[in-house]
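Each residue of the sequence shown is one higher than the one before, counting from 1 in the UniProt record's numbering.
Have a look at the structure below before the remarks.
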Amino acid sequence: MDFRLMSLSLDPQDWLSPHCRRMVNPAGLEFIDIRHPAGEGLVSLFGGQLLQYTPAGGRPLLWLSDSAVLDGSKAIRGGIPLCWPWFGPAARGGPQHGLARLSRWRLHALCDTAQGCRLELELLRPEARLRLLITLDQGLTLELVTTNTGAGPLPFQAALHSYFAVDEVDLCAISGLGPTYRDNLAQGAECRHTAPARAPFDRVYTRPQPQTRLDRGPDSLLLEHRHQDALVLWNPHRLPLPEDIDDPRRFVCIETASLAAPPLAPGASRSLLLHCRLVDPHRETAHVSAAG
1 MDFRLMSLSL
11 DPQDWLSPHC
21 RRMVNPAGLE
31 FIDIRHPAGE
41 GLVSLFGGQL
51 LQYTPAGGRP
61 LLWLSDSAVL
71 DGSKAIRGGI
81 PLCWPWFGPA
91 ARGGPQHGLA
101 RLSRWRLHAL
111 CDTAQGCRLE
121 LELLRPEARL
131 RLLITLDQGL
141 TLELVTTNTG
151 AGPLPFQAAL
161 HSYFAVDEVD
171 LCAISGLGPT
181 YRDNLAQGAE
191 CRHTAPARAP
201 FDRVYTRPQP
211 QTRLDRGPDS
221 LLLEHRHQDA
231 LVLWNPHRLP
241 LPEDIDDPRR
251 FVCIETASLA
261 APPLAPGASR
271 SLLLHCRLVD
281 PHRETAHVSA
291 AG
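The following block contains the structure:
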């Protein structure tokens with residue numbers, strides 16, 4: 001077992017495929033460890049959450065807090081948590097960012113080929129069926145699919161709350177967000193886009209670009225968003241920090257979100273998708289808009 005798994009106190013269980021095996025931690029939470037030539041990843045079935053991803057020959061894309069709680073008592077800080085069926089605080093006192101990241105998902109299907117791995121996780125709720133498709137091949141793709149299994153319209157919000165790893169948040173550059181944003185650090189004021197020079201920031205872009213680029217210094221990360229109506233940019237920096245954030249300088253959250261979609265009709269499905277890959281900043285130019 002390598003240091004990556006030892007640091008999380010994970011014990012190997014059975015192999016599910018040539019490149020995927022089930023892991024369990026002392027609290028009884030289950031994980032899927034992916035070791036494929038195309039890349040490596042770690043998925044928690046608690047929360048249906050991708051915790052780690054490193055493409056072949058590259059640096060880790062995602063940040064996972066060293067202080068993350070891994071006993072099922074609260075959401076895991078880092079990776080890509082799933083926000084569903086609401087984003088932010090609940091209107092009636094429910095948990096922050098909804099129920100999906102606090103629920104136990106199950107592995108519904110697994111495809112392991114020479115090109116990569118694809119996992120399908122499932123969460124059944126009284127009103128909906130949720131599927132999370134995680135694909136590791138030439139990049140990383142996450143698709144959250146909500147199907148209304150109830151008798152009436154289903155209102156909901158969803159977000160892929162991605163924590164991207166950086167060396168220093170104030171030194172990275174981000175382009176392709178959107179022309180305007182709502183500033184949650186200024187009582188929700190509507191502002192024209194300006195590059196965030198320094199954290200903290202908490203911005204909601206309601207006219208988001210389809211592609212975002214994160215320049216991390218040695219490399220760049222190209223993000224492609226589909227079916228989103230918002231992008232959220234967040235880093236708390238020196239604001240009062242939750243106990244499970246050990247070093248806010250080492251991440252930036254760029255969150256693919258659906259916050260204002262109409263209610264979903266019975267039997268209908270809706271998808272929210274993020275595709276990301278590393279690009280060489282000296283060899284490849286991402287086609288992102290200059291307006292944000």
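Backbone N, C-alpha and C fix where the C-beta goes; we use that ideal spot for every residue, glycine too.
All figures in this text were calculated on a predicted structure; none of them were measured in a lab.
As assigned by DSSP and simplified to three states, the class of residue i
| i | result |
| --- | --- |
| Arg92 | coil |
| Leu274 | strand |
| Arg77 | coil |
| Arg101 | helix |
| Pro12 | strand |
| Pro18 | coil |
| Thr285 | Reliability fails at Thr285, whose pLDDT of 48 lies under 50, so the model's placement of it is uncertain and the value that follows must be treated cautiously. Of the three classes helix, strand and coil, the one that applies to Thr285 here is coil, per DSSP. |
| Gln115 | coil |
| Pro55 | strand |
| Leu72 | Checking the sequence, you will find Gly at residue 72 rather than Leu. DSSP places Gly72 in coil when its eight states are reduced to three. |
| Gly28 | coil |
| residue 293 | Residue 293 is absent from the model: the chain starts at 1 and stops at 292. |
| Ala109 | strand |
| Asp33 | strand |
| Gly39 | strand |
| Ser44 | strand |
| Leu61 | coil |
| Ser269 | strand |
| Phe3 | Only weak support exists for where Phe3 lies, its pLDDT of 47 falling under 50; the value from the coordinates is given anyway. Of the three classes helix, strand and coil, the one that applies to Phe3 here is helix, per DSSP. |
| Ser67 | coil |
Check whether residue i and residue j have beta carbons under 8 Å apart
| i | j | result |
| --- | --- | --- |
| Leu71 | Asp246 | A quick correction: the sequence has Asp, not Leu, at residue 71. Cβ distance not < 8 Å, so Asp71 and Asp246 don't count as in contact. |
| Pro281 | Leu239 | no |
| Ser258 | Gln157 | yes |
| Leu278 | Pro60 | no |
| Ala230 | Thr206 | yes |
| Leu142 | Ile80 | yes |
| Met23 | Pro37 | no |
| Glu272 | His227 | Note on identity: in this sequence residue 272 is Leu, with Glu being the wrong assignment. Against a cut-off of 8 Å, the Cβ pair of His227 and Leu272 comes out as a contact. |
| Gly47 | Leu82 | yes |
| Phe164 | Leu221 | yes |
| Arg104 | Val166 | no |
| Val252 | Val232 | no |
| Leu102 | Leu119 | no |
| Tyr53 | Leu154 | no |
| Gly78 | Trp86 | no |
Supposed contact pair residue j and residue i - C-beta distance, whole angstroms, cut 8 Å
| i | j | result |
| --- | --- | --- |
| Trp84 | Ala100 | 4 Å |
| Leu45 | Glu30 | 4 Å |
| Cys117 | His19 | 6 Å |
| Arg250 | Trp63 | 6 Å |
| Leu144 | Leu130 | 7 Å |
| Glu40 | Ile34 | 6 Å |
| Ile134 | Val43 | 6 Å |
| Thr149 | Ser269 | Actually they do not touch by this definition, with Cβ atoms about 10 Å apart. |
Fill in: Any beta strand (DSSP E) of 3 or more consecutive residues that is wholly inside the region 184-261
Within the region 184-261, the beta strand (DSSP E) runs of at least 3 residues that lie entirely inside it are, in chain order, 189-192, 201-205, 211-215, 220-226, 230-235, 251-258.
Item to complete: Report the residue ranges of all beta strand (DSSP E) runs contained in full by the region 126-180; include only those spanning at least 3 residues, in chain order.
Response: 128-136, 140-148, 158-160, 163-165, 173-175
Worksheet item: Does the region 121-134 touch the region 178-196, meaning 3 or more C-beta pairs lie closer than 8 Å?
Response: no
Worksheet item: When the Cβ atoms of the region 166-186 are set against those of the region 198-213, are three or more pairs found closer than 8 Å?
Response: yes
Item to complete: Taking 8 Å as the threshold, find out whether the region 177-187 comes into contact with the region 260-275 through three or more Cβ pairs.
Response: no
Item to complete: Report yes or no: do the region 112-121 and the region 88-96 share at least 3 C-beta pairs separated by less than 8 Å?
Response: no
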